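Student: One structure follows; several queries about it will come next.
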Amino acid sequence: MITTKQRAYLRGLANDLSPIFQIGKGGIEENFLKQVKDALEARELIKIKVLENSGLETREASNYICEQLGCEGIQAIGSKIVLFKQSTKKPKIELPVKNSR
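Counting in this note's numbering, the sequence shown tops out at residue 630, every number present.
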């Protein structure tokens, strides 16, 4: 679980990202989840666009993907989702350290 400070940091990094996937009328299928999983392993932080014809709410899509892949939903705003999962092979993003108070 990531902290509020870490979430804010990741949101800042995601500002410059373009969506690399779209959820359309096909919804979220097994093949889509595999591609997202592979992208998270390679990039750690990705942005997805939810199209209006998908029939899904942005938050609903984010929650479902996170549940299936074990990733963190960083932001679900408008039609965009930002997801994060630390790479198991080559971690690139260093999160701010959690304060132990």
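Where is the CB? At the ideal position from N, CA and C, for every residue including glycine. A quick note: this is a predicted structure, and the numbers were derived from the prediction, not measured.
(1) Give me the residue from Lys609, Tyr593 and Ile622 with the minimum Cα distance to Glu581.
(2) With distance defined between alpha-carbon atoms, name the residue in Arg540, Glu586, Thr587 and Val579 nearest to Glu573.
(3) Please tell me whether Ala543 and Val626 are closer than 8 Å, where the distance is taken between their beta carbons.
(4) Tell me whether the beta-carbon of Leu562 lies closer than 8 Å to the beta-carbon of Leu585.
(5) With burial defined as no fewer than 16 other Cβ atoms inside 10 Å of the residue's Cβ, what is the status of Gly556: buried or exposed?
(6) Where does Ile606 land, buried or exposed, given buried means 16+ other C-beta within 10 angstroms?
(7) Using the Cα positions of Glu623 and Lys534, report the straight-line distance between them to the nearest angstrom.
(8) Distance, Cα to Cα, Arg536 vs Glu558?
(9) Could you check which residue in Thr587, Ile594 and Tyr538 has the C-alpha nearest to that of Gln564?
Tutor: Taking the coordinates as given:
(1) Closest in alpha carbon position to Glu581, among Lys609, Tyr593 and Ile622, is Lys609.
(2) Considering only alpha carbons, the answer is Arg540.
(3) No, these two residues do not count as a Cβ contact at 8 Å.
(4) Not in contact: Leu562 and Leu585 (Cβ atoms no closer than 8 Å).
(5) Exposed is the call here.
(6) Under this definition Ile606 is an exposed residue.
(7) In a straight line, the C-alpha of Glu623 is about 13 Å away from that of Lys534.
(8) Arg536 and Glu558: Cα-Cα distance of roughly 27 Å.
(9) Closest by alpha carbon: Ile594.
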